[in-house]
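Heads up: the structure comes next, in structure tokens.
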Amino acid sequence: MGTAPERIIVTVLGKDRVGIIAGVASVLAEHNVNILDISQTILQEFLAMIMIADISRCSVDLNTLKERLAAKGRELGVRIDAQHEDVFLYMHRI
């Protein structure tokens, strides 16, 4: 029996360019994080993307993963944020 999913919400915002999805996916894959769902839209020249990912088998702690995603975002010229699903749900409750 596998480990229960522990999910994070990853958001990516910035000017669209080649390689953004690949860059985010490579950081997640490098740390054994599975992408469960992805949604993206282009608003004129800007990318808005949300990913839901399972970190139950992640090889680093959440803070380290967040730092590595943010660093990749700086490299790509976009903002990448990640937060635990529980925090996201709490912040967006009605």
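First residue of the sequence shown? That's -6 in this note's numbering, and the numbers climb one at a time after it.
Where a beta carbon is used, it is the ideal one built from N, C-alpha and C, also for glycine.
By alpha-carbon positions, which one of T57, I35, R61, M44 ends up nearest to R0?
When T57, I35, R61, M44 are compared, the shortest CA-CA separation from R0 is found for M44.
Tell me, please, which residues DSSP counts as bridged to I43.
Per the DSSP secondary-structure output, I43 pairs in a beta bridge with T4, S32.
Does DSSP put V11 in a helix, in a strand, or in coil?
Three-state result, V11: coil.
Using a threshold of 7 Å, state whether the C-beta atoms of S52 and N25 are closer than that.
In this structure, S52 sits near N25, with a CB-CB distance shorter than 7 Å.
G70: buried (16+ other C-beta within 10 angstroms of its C-beta) or exposed?
Exposed, by the Cβ-count rule.
Rounded straight-line distance, which links the Cα of I73 to that of H6:
Rather than His, the amino acid found at residue 6 in this sequence is Leu. In this structure, the alpha-carbon of L6 lies about 7 Å from that of I73.
So the candidates are R50, Q33, P(-2); which of them puts its Cα closest to the Cα of T4?
Nearest in C-alpha terms to T4, of all of R50, Q33, P(-2), is Q33.
If A46 sits next to L21, beta carbons under 8 Å apart, how far is it from one beta carbon to the other, in whole angstroms?
The beta-carbon distance between A46 and L21, rounded to whole angstroms, is 6 Å. This is short enough to meet the 8 Å contact definition.
Tell me which same chain residues have a C-beta within less than 8 Å of the C-beta of K8, skipping the five on either side of it?
Exclusion of the five residues before and after K8 leaves E38, F39, L40, G70, V71 as the residues of its chain whose Cβ lies within less than 8 Å of its Cβ.
In angstroms with no decimal places, state the Cα-to-Cα distance between A64 and I2.
A direct Cα-Cα distance of roughly 17 Å separates A64 from I2.
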